[in-house]
Every structure is written in C-alpha cells, then in structure tokens.
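Q: My questions all concern the structure below.
4 protein chains.
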Amino acid sequence: MTYSVAVSGASGYAGGELLRLIADHPEFDVRTVTAHSNAGQPLTAVQPHLRSYTHLTLAETNAENLRGHDIVFLALPHGASGAISAELDEHSLVIDCGADHRLESEADWAAFYGGDFFGAWQYGVPELPRTKGTQRDRLAGATRIAAPGCNASTVALSLAPGIRAGVIDERDLVTVLAVGPSGAGKSLKTHLLASEMLGSASAYAVGGSHRHIPEIQQALRWAGANAPTISFTPLLVPMSRGILATSTAKLAPGADAASVRAAWTDAYAGETFVQVLPEGQFPRTADVLGANTALIGLAVDEAAGRVVVVAAVDNLVKGTAGAAIQSANIALGLPEATGLSVNGVAP
Amino acid sequence: MTYSVAVSGASGYAGGELLRLIADHPEFDVRTVTAHSNAGQPLTAVQPHLRSYTHLTLAETNAENLRGHDIVFLALPHGASGAISAELDEHSLVIDCGADHRLESEADWAAFYGGDFFGAWQYGVPELPRTKGTQRDRLAGATRIAAPGCNASTVALSLAPGIRAGVIDERDLVTVLAVGPSGAGKSLKTHLLASEMLGSASAYAVGGSHRHIPEIQQALRWAGANAPTISFTPLLVPMSRGILATSTAKLAPGADAASVRAAWTDAYAGETFVQVLPEGQFPRTADVLGANTALIGLAVDEAAGRVVVVAAVDNLVKGTAGAAIQSANIALGLPEATGLSVNGVAP
Amino acid sequence: MTYSVAVSGASGYAGGELLRLIADHPEFDVRTVTAHSNAGQPLTAVQPHLRSYTHLTLAETNAENLRGHDIVFLALPHGASGAISAELDEHSLVIDCGADHRLESEADWAAFYGGDFFGAWQYGVPELPRTKGTQRDRLAGATRIAAPGCNASTVALSLAPGIRAGVIDERDLVTVLAVGPSGAGKSLKTHLLASEMLGSASAYAVGGSHRHIPEIQQALRWAGANAPTISFTPLLVPMSRGILATSTAKLAPGADAASVRAAWTDAYAGETFVQVLPEGQFPRTADVLGANTALIGLAVDEAAGRVVVVAAVDNLVKGTAGAAIQSANIALGLPEATGLSVNGVAP
Amino acid sequence: MTYSVAVSGASGYAGGELLRLIADHPEFDVRTVTAHSNAGQPLTAVQPHLRSYTHLTLAETNAENLRGHDIVFLALPHGASGAISAELDEHSLVIDCGADHRLESEADWAAFYGGDFFGAWQYGVPELPRTKGTQRDRLAGATRIAAPGCNASTVALSLAPGIRAGVIDERDLVTVLAVGPSGAGKSLKTHLLASEMLGSASAYAVGGSHRHIPEIQQALRWAGANAPTISFTPLLVPMSRGILATSTAKLAPGADAASVRAAWTDAYAGETFVQVLPEGQFPRTADVLGANTALIGLAVDEAAGRVVVVAAVDNLVKGTAGAAIQSANIALGLPEATGLSVNGVAP
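Chains as they are written, first to last, in the UniProt record's numbering: chain A, 1 to 347; chain B, 1 to 347; chain C, 1 to 347; chain D, 1 to 347.
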C-alpha cells in the first residue's frame with residue numbers, strides 16, 4: 001500500500017530531513033510540501049540536496065493544503081503545530097516534530113514554554129523503557145504522535161534503563177551535551193553564524209532553563225522515577241549535526257558494574273536502533289550521522305561513585321525525523337525499520 | 001537473485017563506504033570482508049558506524065579469501081590490487097577502487113606511479129561522455145572494472161561535455177579542487193591530523209605532479225581531445241568528505257553562453273546521478289554528502305573569456321564506492337541506481 | 001608619542017580585529033569606539049574576546065563622535081565610509097577599511113558597486129610592487145588611506161611580481177580562492193550559518209561578478225600590466241578566517257623556473273610581512289592566522305605552461321586590519337611593524 | 001635585562017606555542033631550540049607559522065644543549081623531562097610543561113602514570129586560590145616550576161573559589177570538558193586524524209581514568225578540600241584548540257546565588273588573566289584563542305541544587321605555554337603579563 005504524505009515546514013532542517021528519509025521509504029509517497037516565507041519556490045531552490053524531489057513546489061502551510069493525506073508531518077515552530085493540528089483530518093496520522101504535544105503537564109508547559117497548552121500526544125520514542133514494557137506499546141494504532149525533542153530523547157534513552165532497574169539514583173543527575181547547530185534550525189541569529197561557531201565551543205541555557213528538561217523528567221517518571229532532578233547543560237560545538245550526551249548518575253546502593261551493564265543491555269536487547277556498545281567502547285557522533293541509531297557507551301566510575309553514560313545520536317534523524325518515521329511505521333503496522341538506515345555516514 | 005560479495009580493504013575509508021552502500025543494496029550480500037593489519041578483529045571495532053555488520057569479522061586480505069564470490073571489490077593501496085587481481089576467479093565481477101587498472105598508457109603509469117604496469121580495465125564512470133555515446137556502453141557485461149580516481153572523475157565529468165561539443169579549448173584547462181582529507185585514506189601523516197587541518201586550508205601536489213592528471217587527460221581524449229593540458233591544484237580543506245572542483249576553460253571560437261549550456265545539459269540529459277543546475281545556481285559539497293550525485297553549476301565569464309564549471313561530488317561515493325556499485329549494477333544488468341541514493345545528507 | 005584613535009564599526013569583524021591589534025600597539029590609544037545598532041552597549045557585550053577593552057562603551061557612528069582623534073579607522077559597509085569621511089578632520093589620518101576609496105576608475109566603480117563615487121585614496125598594501133618601487137612609497141605622510149579588499153590584495157601580491165618582471169602573461173590569469181566566512185562580515189544570511197557551512201564547500205560570485213576583480217586589475221596595472229584579464233572564483237570553506245589563493249598565469253616567452261622564482265624573491269626581498277617560501281613549500285592558512293603575514297609558495301608547471309602561486313593570508317589581518325595599521329605606521333613615520341605579529345596562531 | 005632561553009620539544013605543539021609567545025616577550029631571547037626526530041631541520045620546516053625564527057635550526061634534545069641558558073622550557077613527553085631535568089644548571093629557571101613534576105603524591109603518580117617518580121615542583125597556576133593567598137605567592141623566586149595540565153588547571157580554576165569559600169560541596173563534583181585535539185599533541189593516532197574528527201564529537205578516558213584527575217584533586221585540597229571526588233569526562237570536539245569545561249557542584253548548605261557569585265568574583269578580583277563574566281554571560285573558546293585568559297561564567301541551578309561553572313581556556317596558552325611564561329615572569333620578578341595577550345583571536 002502507498003500512503004500519501006504531506007510535510008509542512010519543508011524548507012527547514014527537520015522538514016528537509018523527513019523528506020530525505022521518506023525518499024527511501026517504499027510505502028510513503030510525498031504529495032505535498034509546505035512552507036511559510038518560501039512558499040511558491042521549487043523545493044530544491046531551498047533544499048538543493050533533495051535531488052529526488054525536483055518536481056515539487058512549496059505550497060503555503062495551512063490546514064487546507066495539509067488535509068486529505070494519509071500522513072501529515074508537522075515540522076513547525078513551537079506554537080504553530082498546536083494551532084494547525086486541530087484542523088487536520090481525524091483519520092490522518094499526524095506526527096508533530098515540534099514541542100506542542102510532548103508534555104503532559106500543563107504546569108511544565110507554562111513554566112518552560114507558555115502560551116496555549118495543547119495537551120500531549122503519544123510520545124514517539126519507541127524504545128524508551130517504561131516501568132512496564134516500552135513506549136512502543138503505545139504507538140501501535142496511534143493517530144497522533146509527538147516526535148521527541150532531540151536532546152530530551154537522547155538523555156531519556158541514556159538514563160531510563162538505570163532508573164527502571166533501580167541501579168541509579170534519580171536525584172542529582174548531571175548531563176552535558178555537545179550538540180551541533182542544526183538543532184536550532186535555520187534561524188538567522190548571530191551566534192549561529194559559521195564565523196562565530198567554527199573553531200569554537202560555547203554553552204547555552206546554563207543553569208536549568210532548557211526546555212527539554214521537563215520532557216526528560218517526564219520520560220524518567222514513565223520509567224519509574226518519582227521526582228528526578230537533573231543539571232542539564234548543552235554545548236554548541238562546530239559540527240553541523242549530532243548530539244553527544246554525557247549523562248552521569250550516582251550508583252544506587254547495592255548496584256555494581258555488572259548490574260549496571262545488565263540494566264542497559266536488558267533494556268535494549270533486540271533493538272535495532274538503540275545499541276549498547278561493549279565494555280570500553282564509546283560512540284562518536286560520526287558513527288550515527290544520517291542514521292536512525294542511538295549508540296550508548298557505559299562506564300562505572302568507582303572513585304566518583306557515578307555511572308557515566310555516553311550516547312550519540314543524529315539530532316535530525318533519531319532525534320527528530322527518524323523517530324517520526326519509525327513511530328509512523330509502528331502506528332501503521334509496517335515493519336519498524338522501513339526506510340531507515342542503521343549505518344552512519346562516516347568518516 | 002542475490003550476489004555474494006567480498007570487500008577487501010574493508011578497514012579503510014573506501015572499503016567502509018562500499019559496505020555502507022551495499023547494506024542498502026537488495027541484491028548484494030556481503031559474505032567476506034578482509035583487511036591487513038586489522039585482520040581478526042570484528043568489523044565494527046574498526047568501522048563502528050557500520051551497525052548492520054556486527055556479525056562480520058575481518059579476514060586476511062589474500063586471493064584465497066576473496067575467491068568464490070560473485071563480486072569482489074578491491075579497495076587496496078596502489079600496487080596491491082594489481083598483484084592480487086590476477087589470482088581471482090575469471091568469472092567473478094572484480095571492481096578495483098585503486099589506481100592499478102585505470103590508465104591505458106604504460107608511459108603515463110611509469111611517469112606518475114611507477115612499478116608494475118597492470119593494464120586498464122573498463123573505466124567505471126558510466127555518464128562520462130565519449131565521442132560516441134557514454135562510458136556506460138562499455139560497462140554492460142564487463143567483468144573487470146576500474147573505479148575512478150575521485151578527483152579525476154569529478155574533473156572529467158566537469159569538462160568532457162565541453163570538449164565533446166567543441167565549445168571549449170582543450171589547451172590551457174585550469175582546475176582547482178577543494179577536497180576533504182578522507183580522499184587520502186587513513187594514513188597516519190602529520191598533515192592529515194585534525195590539529196593541523198581544523199581551521200586551515202592548504203595546497204598539495206602543486207605544479208603538475210598529482211597522479212590524477214593523466215587519468216583526466218585520458219578521459220578527455222575519449223571525449224575528443226587530442227592533447228589536453230591542465231593545470232591542476234588540489235586544496236585540502238577542513239571537511240571530512242567532499243570535492244568541490246572549479247574547472248575553467250577558454251571558450252572555443254564561436255561558442256557562447258547558450259551553446260555552452262547546451263553542451264552540458266545535452267550530455268547529462270536523463271542522467272539520475274549527474275545533474276546540471278539551473279543558470280545562476282552552484283552546488284555545495286553538503287548537497288551530495290553520502291549521495292551518488294555529481295552536481296554541476298556552469299557560468300560563462302565573458303570578460304575573462306572562460307567557462308567556469310563548479311562540480312560537487314562526495315569523494316567516497318560518486319568519487320569511489322558509489323561509482324563502483326553503479327558500475328557493478330550496469331555490468332550485471334541490474335537497474336543502475338540500485339542501492340544508491342541521489343539525496344545528500346545536509347545540513 | 002601617543003596617538004588618539006577612533007574605530008567605527010567596532011561591533012563588526014574588521015572593527016574588532018583593528019581593536020585586537022591596536023591593543024598591542026604601544027603608540028595607539030583607543031578613545032572612541034562606535035557602532036550602529038549596538039550603540040550604547042559595552043564593547044565586550046558584542047566583542048567578548050576583547051578583554052582589554054572592558055572599560056569602553058559603543059557610541060553612535062557619526063562624524064561628531066569620530067572627529068577630534070589623531071587617527072580614525074572606518075570599518076563600515078560600502079557606501080557609508082564615503083559619506084562620513086567628508087566630515088572628518090582634514091588633519092586626522094583616516095583609514096577606510098571599506099571599498100569606497102579603493103578604485104580610481106569611476107567606470108569600474110559604477111560597474112561593480114554603483115551609487116556615489118568617492119574617488120581613490122592611497123592604497124594600503126605597502127609591499128605591492130609597482131613598475132617603480134612599491135606602494136609603500138606613496139603611503140609615507142599620507143592622511144587618507146584605503147585598506148585593501150582582502151581577496152584583492154592577496155591576489156595582487158601573488159601576481160604583481162610576475163607582471164612587473166615580465167615573466168608571466170597578463171592575459172588569462174586564473175585564480176581560485178578558498179576563503180572563510182568572516183570576510184563576509186556578521187551579516188545574517190542563511191548561507192553563512194554554521195549549519196550550512198560546517199563540512200561543506202561552495203562557490204560564489206562565479207563567472208566574473210566579484211567586486212574585487214577591478215581592484216586586482218588596478219593593482220596589476222600599477223605593476224605594469226595593460227589590460228589584464230582574470231577568471232576569479234572564490235570558494236567558501238569551513239574555516240572562520242583565512243584566504244588560500246591559488247593563482248595561475250601562463251609563462252611569458254623566455255621565462256623559466258629560475259627567472260620566475262627570481263621575480264618573486266626579488267620583489268619581496270627584505271620584506272617582513274610578505275615571505276616567499278623555499279622551493280617545494282606551500283603555505284597553510286593556519287600559518288598566518290592572526291598574523292600580518294602573507295606567505296607565498298611558487299611552482300612552475302612545465303606541462304601546463306603555467307606558473308602556480310599559492311598565497312595564504314588572514315583576511316582580517318593582512319587582508320584588512322593589519323594592512324590598515326601597517327599603512328598607518330608608515331604614514332606616521334613609525335616603525336612599520338609596530339603592533340603587528342609575523343607569527344601565526346597554529347595549530 | 002635579556003634572559004637567554006632554550007626551548008626543548010620545539011617541534012611539538014606546546015614547544016611551538018612557547019616560541020610564538022616568547023617572540024613577543026621583550027626580555028626573553030631564544031638561543032636554542034631542540035627536538036628529537038626533527039633535530040637538524042630548520043625550525044620553520046616543522047613549524048612554518050613561526051616566521052620570526054627563520055634563523056633557527058633544531059638541535060638534539062639533550063642536557064648539554066639545554067645547559068647554559070637563564071631559562072629552560074621543557075616541552076617533552078611524560079617521563080622525559082624528569083630524566084633530563086636533573087642534569088640542568090641549578091641556577092637556571094627550569095619550567096616543565098610536562099606532567100613529571102606536578103604531583104606531590106607518589107601514590108597518585110604510581111596510580112595514574114607509573115615509572116620513576118620525580119617529585120613536585122612549584123605549580124604554575126598563579127591565580128589558583130589556596131586556603132591562604134594564591135599559588136602566585138609560591139612562584140616568586142622559584143627556580144623549578146611545573147606548568148599545569150591544561151584540563152586540570154581549567155577545572156581547578158573553575159572550582160577552587162567555591163571550595164575555598166565553602167559554598168560548594170567537595171564531594172560529587174562533575175566535570176565534562178569539550179576539548180580540541182591539540183591537547184593530545186602531534187601523535188600519529190587514527191582517532192586524531194582530521195577525517196575522523198571533522199564533524200564528530202567523542203568521549204575518551206570515560207569512567208575516571210584521566211591523568212588530570214589527581215592533579216585537580218591536589219589543587220582543590222590546596223583550596224581547602226579534604227577528599228574531593230570528581231566525575232571527569234573529556235570530549236574531543238572538532239576545533240584545533242580550546243577547552244570548554246562545564247563543572248558542576250552541589251550547593252553547600254546555606255549557600256545561595258549571591259554567596260556563590262561572591263566566592264568567584266572575590267577569588268579573581270584584580271586578576272588580569274582570570275575573569276568572571278557578568279551574570280547571564282558564558283564564554284566561548286574563541287574568546288580566548290591565542291590568549292592567556294581564562295573566562296568563567298557562573299550560574300546557580302536552584303531546581304537541580306547545583307552550581308554550574310563554565311570556563312574557557314586556550315589549552316596551549318593559559319593551559320600550557322602561557323601559564324609557563326606567566327609563571328616565569330613571576331619567578332624572575334618581571335611584570336606578570338609581559339609578553340602575554342589578554343585578547344582572543346576571534347572570530
């Protein structure tokens with residue numbers, strides 16, 4: 001069967017990545033691409049790397065243009081998808097790559113985003129361990145799915161196995177992430193200029209203000225945490241894509257290197273797209289560039305009493321567009337890996 | 001039908017890229033991967049990005065291990081493939097990604113390489129215009145194919161249309177290429193260290209010593225040139241992959257902007273993997289990262305009396321491994337694009 | 001003696017670099033820094049790397065604020081310096097880092113810039129060979145100096161020695177430059193975003209439209225050319241600073257490797273800031289990062305009949321701010337190298 | 001007065017940086033440069049960016065060549081300086097940029113390095129707060145100084161103010177550092193190749209094995225800690241130089257945002273080379289590139305109960321060669337900032 005697909009926000013990075021991945025999906029057929037200021041232009045004028053779409057022109061992003069498709073991907077700024085999603089066909093599968101439908105708590109929404117609260121959809125991180133089963137169980141048959149925040153899902157996948165197994169302390173989690181600028185989108189901001197970023201690393205949202213924090217806490221609660229606290233610092237580093245998240249947690253009483261490793265390998269046993277590396281190996285972001293893979297390396301630092309989890313993810317794939325397509329596959333009953341690659345483009 | 005495949009030099013960049021691409025090829029099945037100093041190791045210990053091959057171990061590179069496969073890809077240092085290829089099965093399709101079987105002229109070989117001369121195989125750049133037809137015509141049914149030099153094929157594809165159409169002068173061609181270091185392989189050389197290359201550009205093989213020069217001249221002769229001369233300067237720039245080749249040629253008498261553009265668009269009309277961009281557009285290497293696409297932009301500089309051709313290619317894909325697989329598809333009678341993507345991984 | 005200094009455009013890259021260099025100049029004292037949209041802010045809020053200026057606040061860029069200083073550096077957008085310079089004190093030394101006072105030919109100005117023509121000031125590239133002497137001779141005692149275009153001065157220094165000595169043909173020059181994005185300033189343009197540039201090379205102003213072309217031709221005429229033609233293609237590559245210019249020219253009849261090398265080594269004998277490398281050596285941009293040095297490597301390609309000149313320059317130092325300060329030193333009768341470093345910051 | 005200087009390890013990154021900085025030092029005169037495998041070559045053949053030293057040739061690194069100078073800088077692999085330093089003149093000022101003379105504890109040495117233990121020299125981080133005064137007090141008149149580890153000094157400067165003031169808990173410190181590859185020297189290792197690092201981030205020495213850990217703990221004990229524990233994870237990111245260290249610590253009981261900020265601003269009040277940024281500002285490594293400056297940004301994350309300290313340092317300057325020269329200035333009674341710049345080379 002072929003599913004008709006519309007992609008909104010097709011001129012941005014997430015929208016472009018959705019299109020790149022869908023080009024290899026044998027059952028998805030892109031009929032409509034929409035944008036805002038670039039509406040009316042050929043898609044390849046804005047996304048010159050998408051050579052298989054030379055026939056498409058960007059339409060205006062509005063409900064009328066998005067209706068009538070089997071699947072609608074929303075890759076819009078925060079606030080915009082919430083507004084438009086109410087107008088879409090009920091029976092369409094709608095996947096929001098923005099933040100509007102990720103948080104269950106209106107208080108969290110108000111504290112970190114503000115504006116209208118749209119309520120949570122099914123969270124699109126299939127492998128995420130929950131106290132019972134995984135998030136995958138909730139995606140089958142879903143018609144409304146919230147693709148995750150790229151940093152949030154990387155950290156949630158990093159820490160949830162230890163929370164669920166009780167081998168780490170949910171209090172006093174500390175995460176520092178090296179991230180590329182594409183996570184910030186095509187926004188024209190001085191600090192995102194190449195001149196500013198080439199050869200330089202910097203921190204932002206220091207001190208607990210990053211919007212992905214409540215999303216991480218929500219995911220960890222699903223894995224069994226009560227009131228997890230996390231110090232979360234993202235660093236902008238000069239690579240176009242990629243997240244390398246270093247997350248540390250205190251060992252729970254009684255936990256040791258063996259029980260720690262078992263917690264993670266058990267959680268991801270049999271998973272295609274989340275792989276725990278052997279003892280002593282740690283991932284590079286290049287290993288997952290362009291791939292829907294999360295690679296996780298694990299160590300126990302006995303002297304510091306902490307587990308250290310290093311995870312590499314491509315923010316635009318496993319962190320956004322790949323998660324969206326993988327979740328769509330599950331929702332539709334297709335083989336989960338359809339159209340997604342496990343191999344990174346390296347070097 | 002499934003073809004059994006062996007990849008030698010699987011621990012290097014070209015070998016790794018062959019494997020990455022073959023993972024998406026529905027009819028190729030990798031049975032054997034070989035290496036030299038890394039023999040005995042799991043493939044993913046050396047190529048951690050190739051997650052779909054966690055089951056493979058590197059065998060020793062020798063004829064015994066490579067024999068018995070339908071297809072053998074050689075990704076070995078110059079000199080090594082020539083030696084081993086004589087020992088492979090006659091009926092196997094053998095594709096050499098090294099230089100040993102590219103040059104028809106023993107004098108050129110002696111001048112630019114030296115050592116044993118192995119003779120030329122069919123040259124693996126299907127779209128290359130020849131005075132009659134394209135190089136593709138010679139690849140159907142071939143059993144011995146020489147994948148091109150990445151710089152050479154990029155420049156040959158850039159200039160051959162103008163040579164064949166007679167709109168440019170074959171004398172006094174000038175090409176400067178910005179290239180990433182992966183073209184130099186994993187060699188441990190000081191100038192290839194990240195500390196040396198990050199934030200810096202440099203030239204090498206200045207003054208006519210680069211080994212790809214005779215390969216370009218050979219390709220241009222196939223397109224109708226007699227004794228083309230080319231000033232060829234490669235620049236190392238800080239991107240892991242990619243070639244951006246700026247090639248200029250003097251306008252032939254009577255040629256104008258229209259006849260120039262027609263020469264290139266005619267040459268590549270209907271091609272999937274070589275695309276001429278519209279007037280005023282020029283490619284970025286990011287547009288072809290990971291893709292088997294060559295993008296070509298074209299301008300006529302009236303004041304300077306020169307055509308300027310800017311071509312972007314991923315040196316490891318269209319420049320090497322993708323060309324090898326595309327040529328193998330043709331040789332075997334498979335759809336030419338099988339297993340190859342036209343879309344770049346950008347940003 | 002201490003000279004009072006004002007720097008306009010102090011929030012931009014050229015202005016910032018002037019301030020960085022002046023901080024090490026024992027006789028220049030920055031009293032006033034001006035900006036446009038950032039006026040009113042502490043300098044270090046906009047230029048956080050300039051730690052020796054934590055006491056300065058950006059004033060509005062206007063003639064009133066710039067008057068009354070011994071030296072005024074203008075680092076303003078094209079058109080703006082021409083307008084303001086008429087209002088400055090006659091006895092002040094005014095150095096324009098913009099384009100407004102570089103071109104002698106009103107026709108060139110009209111063709112490449114347009115708008116009001118302001119006329120040429122003394123051109124601030126001291127080492128530039130002229131048919132008699134060097135450009136330095138015209139800078140002593142000057143009160144109005146035009147700092148060069150960074151690409152233009154790099155190419156002019158690359159080719160002028162050969163023109164003056166008659167060892168290269170002035171027709172059919174070809175230059176390709178790998179340049180970093182800081183030459184384009186802090187402009188908020190999509191193609192200058194880090195996401196777009198990291199890992200990617202691209203060409204711009206292809207086909208003879210770059211504004212530095214007439215400036216190069218003017219400099220080559222000063223060295224003895226009549227009507228030089230040049231194919232000029234700049235490439236954006238992912239390094240924050242630096243120009244690596246590869247310039248080629250046809251050997252003049254009778255010229256050989258020895259006479260070619262002599263032309264360049266004679267032209268720059270005794271120069272501190274322009275150095276010709278020994279046979280077989282070619283520069284990296286990292287070698288001149290932060291330095292006021294132009295490094296030049298030279299080869300003769302006998303087969304192609306061309307001289308190849310590779311020059312490395314820091315676009316913000318020798319290409320702009322360093323050239324401005326070096327020229328100011330000469331104008332004021334100070335030792336030419338005051339406040340300027342010859343050593344690059346590498347790796 | 002002019003001091004005669006010898007620099008050993010002059011072909012490496014630390015040695016090269018010493019020479020670059022000393023070129024601007026009015027009282028230091030480099031007489032001898034030594035190397036190992038590069039002995040006999042002109043210095044600029046190996047360090048082409050050091051244009052003010054075109055007259056120097058690399059001698060063999062041995063005690064004979066290093067003796068007879070007022071100041072000897074050792075920039076040698078671990079183990080080598082310890083061996084050679086015993087043979088140097090007693091009255092010379094000897095500054096070791098290696099690890100051999102940093103640790104006071106033989107047990108720490110044995111655990112993290114092994115081999116001969118050479119004992120500690122005065123530690124060359126002048127601004128480091130100690131329970132009484134600063135480390136500067138111990139450097140005046142010293143003749144044997146150990147320049148710090150670049151990561152260690154960055155973290156020690158980040159955390160020592162809070163330890164001394166009692167506003168943070170010495171247990172459960174967590175630091176993640178984004179570092180460039182030049183800290184690893186010119187070693188020819190696969191993971192340091194540009195192809196491997198461009199566009200990629202990775203972690204190393206995960207889980208408590210990094211050799212700078214005991215050096216940090218030692219410095220924190222000097223500031224008043226008893227038995228500090230630290231989880232320490234360095235990340236290799238694609239910038240040639242720079243350290244961005246994100247260090248977090250639990251707030252001590254009773255500490256609040258005001259007392260935290262006061263601890264750091266008091267500790268570094270009046271310092272030229274360690275500057276605490278205003279509330280809400282955080283440093284970029286580009287801000288200190290080439291400079292002897294450590295920039296520190298500070299936040300209190302109330303929800304996580306942690307102080308977050310972000311520090312930017314140029315690993316080769318403030319982290320190594322600049323620290324060495326600053327310490328030498330103090331030892332000799334020269335103005336501390338002689339020859340050192342506070343301004344970074346940005347963008």
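A virtual CB, placed ideally from N, CA and C, is assigned to each residue, including glycine. Because the structure is a prediction, the values reported are computed rather than measured.
Identify which residue in C:ALA337, C:LEU340, C:GLY339 and C:SER327 has its Cα closest to the Cα of ASP137 of chain C.
A: C:SER327
Q: Which one of D:GLU279, D:ALA321, D:SER240 and D:ALA245 has the shortest CA to CA distance from SER8 of chain D?
A: D:ALA321
Q: Use the C-beta contact count for PRO214 of chain C: other C-beta atoms within 10 angstroms, 16 or more gives buried, fewer gives exposed.
A: By the neighbour-count rule (16 or more Cβ atoms within 10 Å), PRO214 of chain C is buried.
Q: Looking at the C-beta of VAL345 of chain A, does it have a partner C-beta in chain G at a distance below 8 Å?
A: Protein chains in the displayed structure are A, B, C and D, and chain G is not among them.
Q: Would you say ARG221 of chain B lies against chain A (beta-carbon separation less than 8 Å)?
A: no
Q: Please name the residue in B:GLN135, B:ALA45, B:ILE325 and B:ALA269 whose C-alpha comes closest to that of VAL97 of chain B.
A: Here residue 97 of chain B turns out to be Cys, not Val, going by the sequence shown. Of B:GLN135, B:ALA45, B:ILE325 and B:ALA269, the residue nearest in Cα terms is B:ILE325.
Q: Would LYS218 of chain D and GLU127 of chain D qualify as a contact pair, given that the criterion is a beta-carbon distance under 8 Å?
A: It is Gln, not Lys, that sits at residue 218 of chain D in the sequence shown. No, the pair does not count as a contact, with Cβ atoms beyond the cut-off.
Q: Mind checking ASP301 of chain C: buried by the 16 CB within 10 Å criterion, or exposed?
A: Classification for ASP301 of chain C: buried.
Q: Measure from the alpha carbon of GLY290 of chain D to the alpha carbon of each residue in C:LEU21, C:HIS91, C:VAL345 and C:SER209, then state which is nearest.
A: C:VAL345
Q: Can you tell which of C:ALA39, C:VAL5, C:ASP24 and C:TYR3 has the C-alpha that lies nearest to the C-alpha of SER11 of chain C?
A: Taking only the C-alpha atoms, the option nearest SER11 of chain C is C:ALA39.
Q: Any Cβ of chain B within less than 8 Å of the Cβ of LEU289 of chain A?
A: yes
Q: LEU171 of chain A and THR229 of chain A look like a contact to me (Cβ under 8 Å); what is the Cβ gap, rounded to whole Å?
A: Per the sequence shown, residue 171 of chain A should be read as Arg rather than Leu. Between THR229 of chain A and ARG171 of chain A the Cβ distance is about 5 Å, and since that is below 8 Å, they are a contact.
Q: Out of B:TYR13, B:ARG164 and B:GLN41, state which residue places its alpha-carbon closest to the alpha-carbon of THR134 of chain B.
A: Distances from the CA of THR134 of chain B to each of B:TYR13, B:ARG164 and B:GLN41 were compared; the closest alpha carbon is that of B:ARG164.
Q: Under 8 Å, CB to CB, which of the residues in the stretch 225-240 of chain B have a partner in chain D?
A: PRO238, MET239 and SER240
Q: Identify whether GLU271 of chain B lies in helix, strand or coil by the three-state DSSP scheme.
A: coil
Q: If you draw a straight line from the alpha carbon of LEU177 of chain D to that of GLY207 of chain D, how long is it in whole angstroms?
A: 14 Å
Q: ALA262 of chain C to VAL237 of chain B, Cα distance in whole Å?
A: 30 Å
Q: Cβ atoms of ALA249 of chain B and LEU159 of chain B: under 8 Å apart, would you say?
A: yes
Q: Once DSSP output is grouped into helix, strand and coil, what is the label at SER81 of chain C?
A: helix
Q: With a 10 Å radius around its C-beta and 16 neighbouring C-beta atoms as the bar for buried, classify residue 361 of chain D as buried or exposed.
A: For residue 361 of chain D there is no data in the structure shown, the boundaries of chain D being 1 and 347.
Q: If we define contact as Cβ-Cβ less than 8 Å, is SER187 of chain A a contact residue for chain B?
A: Cβ-Cβ to chain B under 8 Å: no for SER187 of chain A.
Q: What separation, rounded to the nearest whole angstrom, lies between the Cα atoms of HIS91 of chain C and VAL72 of chain C?
A: 11 Å
Q: Let me check one thing: in DSSP terms, what residues is ALA312 of chain C bridge-paired to?
A: C:LEU244 and C:LEU295
Q: Using the three-state DSSP reduction, which class does LEU56 of chain C fall into: helix, strand or coil?
A: coil
Q: If you follow the alpha helix (DSSP H) that ALA86 of chain A is part of, which residue opens it and which one closes it?
A: Looking at the DSSP string, ALA86 of chain A is not in any alpha helix (DSSP H), and its letter there is neither H nor E.
Q: Measuring alpha carbon to alpha carbon, tell me which of C:ALA80, C:ASP100, C:ALA194 and C:SER37 ends up nearest GLN122 of chain C.
A: Here the closest residue by C-alpha is C:ASP100.
Q: With ALA35 of chain D as the anchor, note down where its beta strand (DSSP E) starts and where it stops.
A: 28-35 is the extent of the beta strand (DSSP E) around ALA35 of chain D.
Q: Any contact between the stretch 304-311 of chain A and the stretch 65-83 of chain A? By contact I mean 3 or more CB pairs, one from each, below 8 Å.
A: no
Q: Using a Cβ-Cβ cutoff of 8 Å, what residues of the stretch 40-53 of chain B are near chain C? List them in chain order.
A: Answer in chain order: no residues at all.
Q: Check whether the Cβ of THR293 of chain B lies closer than 8 Å to any Cβ atom in chain A.
A: yes
Q: Have a look at TYR3 of chain B and ARG31 of chain B and give me their C-alpha separation to the nearest angstrom.
A: 10 Å
Q: With a Cβ-Cβ cutoff of 8 Å, do ALA205 of chain D and PRO234 of chain D count as a contact?
A: yes
Q: Give me the Cα-Cα distance between HIS210 of chain A and LEU173 of chain D, rounded to the nearest whole angstrom.
A: Rounded to whole angstroms, HIS210 of chain A and LEU173 of chain D show a C-alpha spacing of 21 Å.
Q: Could you give the residue range of the alpha helix (DSSP H) that holds THR44 of chain C?
A: 43-46
Q: Between THR246 of chain C and chain B, is any beta-carbon pair separated by less than 8 Å?
A: So, interface residue.
Q: Using DSSP with H/G/I as helix, E/B as strand and the rest coil, what is ASP301 of chain B?
A: strand
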